[in-house]
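Colleague:
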Amino acid sequence: RKEVEQDPGPFNVPEGATVAFNCTYSNSASQSFFWYRQDCRKEPKLLMSVYSSGNEDGRFTAQLNRASQYISLLIRDSKLSDSATYLCVVTNSGYSTLTFGKGTMLLVSP
Amino acid sequence: NAGVTQTPKFRILKIGQSMTLQCAQDMNHNYMYWYRQDPGMGLKLIYYSVGAGITDKGEVPNGYNVSRSTTEDFPLRLELAAPSQTSVYFCASSYRSDTEAFFGQGTRLTVV
Chain Z
1 RKEVEQDPGP FNVPEGATVA FNCTYSNSAS QSFFWYRQDC RKEPKLLMSV YSSGNEDGRF
61 TAQLNRASQY ISLLIRDSKL SDSATYLCVV TNSGYSTLTF GKGTMLLVSP
Chain L
111 NAGVTQTPKF RILKIGQSMT LQCAQDMNHN YMYWYRQDPG MGLKLIYYSV GAGITDKGEV
171 PNGYNVSRST TEDFPLRLEL AAPSQTSVYF CASSYRSDTE AFFGQGTRLT VV
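Chains Z and L supply the protein sequences, listed in that same order.
In terms of the numbering used here, the first sequence is numbered consecutively and its last residue is 110.
In terms of the numbering used here, the second sequence is numbered consecutively and its last residue is 222.
1) With a threshold of 8 Å between beta carbons, is Q111 of chain Z in contact with chain L?
2) Applying the criterion that 16 or more other CB atoms from any shown protein chain within 10 Å of the CB defines a buried residue, is R41 of chain Z buried or exposed?
3) If E15 of chain Z sits next to S78 of chain Z, beta carbons under 8 Å apart, how far is it from one beta carbon to the other, in whole angstroms?
4) Would you call the stretch 190-199 of chain L and the stretch 115-129 of chain L in contact, with 3 or more CB pairs under 8 Å?
5) G173 of chain L versus chain Z: which residues are under 9 Å apart at the beta carbon?
6) Residues of chain L with a CB under 7 Å from the CB of G101 of chain Z: which are they?
7) Residues of chain Z with CB closer than 9 Å to the CB of A211 of chain L, please, in chain order.
8) For a quick check, are the C-beta atoms of A134 of chain L and D183 of chain L less than 8 Å apart?
9) Should L186 of chain L and G173 of chain L be called a contact, given that it needs their Cβ atoms to be closer than 8 Å?
10) Is DSSP giving P38 of chain Z helix, strand or coil here?
11) Buried or exposed for I164 of chain L, please, with buried defined as at least 16 other CB atoms from any protein chain shown within 10 angstroms of its CB.
12) For the beta strand (DSSP E) that contains I71 of chain Z, what are its first and last residues?
13) What in chain Z is Cβ-close to F184 of chain L, meaning under 7 Å?
14) Give the secondary structure of D136 of chain L by DSSP, where H, G and I count as helix, E and B as strand, and everything else as coil.
15) Using only alpha-carbon positions, find the residue among Z:T97, Z:S83, Z:G101 and Z:V90 that is nearest to S12 of chain Z.
16) Taking a Cβ distance cut-off of 7 Å, strictly less, list which residues of the stretch 175-209 of chain L are near chain Z, in chain order.
17) Under 8 Å between C-beta atoms, does L219 of chain L make it to chain Z?
18) Quick one: list the residues of chain L neighbouring Q31 of chain Z, beta-carbon separation under 8 Å, in chain order.
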């Protein structure tokens, strides 16, 4: 099992749709969780951290399920500008690095 | 607010040549990383550093070397370039391993 696995894409949705991405991680000792966004041919940028109690930032909601070892990202009222690749990122206790999933591509169409 | 600066942005190398990818950050971050990203793939860690004078291998270190003589700089050295090293290279830095990582704009390297 890969360390961090994400839904294969791409997800094609119309503007205004709600879309959800899932991510599973293999190391039960993982401590920190993030969603990053990467636009085509650009560097990744932090979208939001994921907290144990779940957290929301505008149209974006992130949730963590430690028992099942998965993280989710919900995007409501999709905009054209949300088109990008969304990367699930995990850090593990005792390690000094970020482990990235392969990413899920989202395409929002008019 | 420069953040993480990588140079060059693009480079074409011939097989067997060597080069150094430069990375500098001005945020006084202890942690610095080098990743490579192949088309349609995720980021793979090459090397990382938790502070000046300390470096360690990541997932795919073969064919690369790094040094960290200062907090600001973390150059990546490619010796004897091979076509398999054609990729986009990203440098990143963070305050701790569990805080936001800031990325440079990337270096697109082609080895022919």
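We put the beta carbon where it would ideally sit given N, CA and C, even for glycine.
For clarity, every value in this text was computed on a predicted model and none was experimentally measured.
Modeller: According to the data block:
1) Absent from the structure is residue 111 of chain Z, since the part of chain Z shown begins at 1 and ends at 110.
2) Your numbering for residue 41 of chain Z matches position 41 in the first sequence. Looking at its Cβ environment, which holds fewer than 16 other Cβ atoms inside 10 Å, R41 of chain Z is exposed.
3) For the purposes of this step, residue 15 of chain Z is identified with residue 15 of the first sequence, where counting begins at 1. For the purposes of this step, residue 78 of chain Z is identified with residue 78 of the first sequence, where counting begins at 1. E15 of chain Z to S78 of chain Z, Cβ: 6 Å. Contact.
4) yes
5) As a position in the second sequence, residue 173 of chain L is number 63, starting the count at 1. In chain order: nothing, as chain Z lies at least about 19 Å away.
6) On the first sequence, residue 101 of chain Z is found 101 positions in, with the first residue counted as 1. Those are G152, listed as they occur along chain L.
7) For the purposes of this step, residue 211 of chain L is taken as the residue at position 101 of the second sequence. Within chain Z, the residues F34, Y36, P44, L46, V89 and L98 have their CB atoms less than 9 Å from the CB of A211 of chain L, given in chain order.
8) Here residue 134 of chain L is taken as the residue at index 24 of the second sequence, counted from 1. Here residue 183 of chain L is taken as the residue at index 73 of the second sequence, counted from 1. Their beta carbons are under 8 Å apart, which means A134 of chain L touches D183 of chain L by this criterion.
9) Looking up residue 186 of chain L in the second sequence gives position 76. Looking up residue 173 of chain L in the second sequence gives position 63. Result no, Cβ atoms of L186 of chain L and G173 of chain L do not sit closer than 8 Å.
10) Working through the first sequence from its first residue, we reach residue 38 of chain Z at position 38. It is Gln, not Pro, that sits at residue 38 of chain Z in the sequence shown. Three-state result, Q38 of chain Z: strand.
11) Walking along the second sequence from the start, residue 164 of chain L turns up at place 54. By the 10 Å Cβ count, I164 of chain L comes out exposed.
12) If you number the first sequence from 1, residue 71 of chain Z lands on position 71. Start and end: Y70 to I75.
13) Position 74 of the second sequence, counted from the start, is the residue given in the question as residue 184 of chain L. Going along chain Z, no residue has its Cβ under 7 Å from F184 of chain L, so there is no contact; the nearest lies around 14 Å.
14) Locating residue 136 of chain L in the second sequence gives position 26, where the first residue counts as 1. In the structure shown, D136 of chain L sits in coil (DSSP, three-state: anything other than H, G, I, E or B).
15) Taking the first residue of the first sequence as position 1, residue 12 of chain Z is located at position 12. The amino acid at residue 12 of chain Z is misidentified as Ser; the sequence shows Asn. For N12 of chain Z, the nearest C-alpha among the options comes from Z:S83.
16) F200, S207 and D208
17) Residue 219 of chain L sits at position 109 when you count from the first residue of the second sequence. It does not; no Cβ of chain Z falls within 8 Å.
18) Along the first sequence, one-based indexing puts residue 31 of chain Z at 31. The contacting residues are D208.
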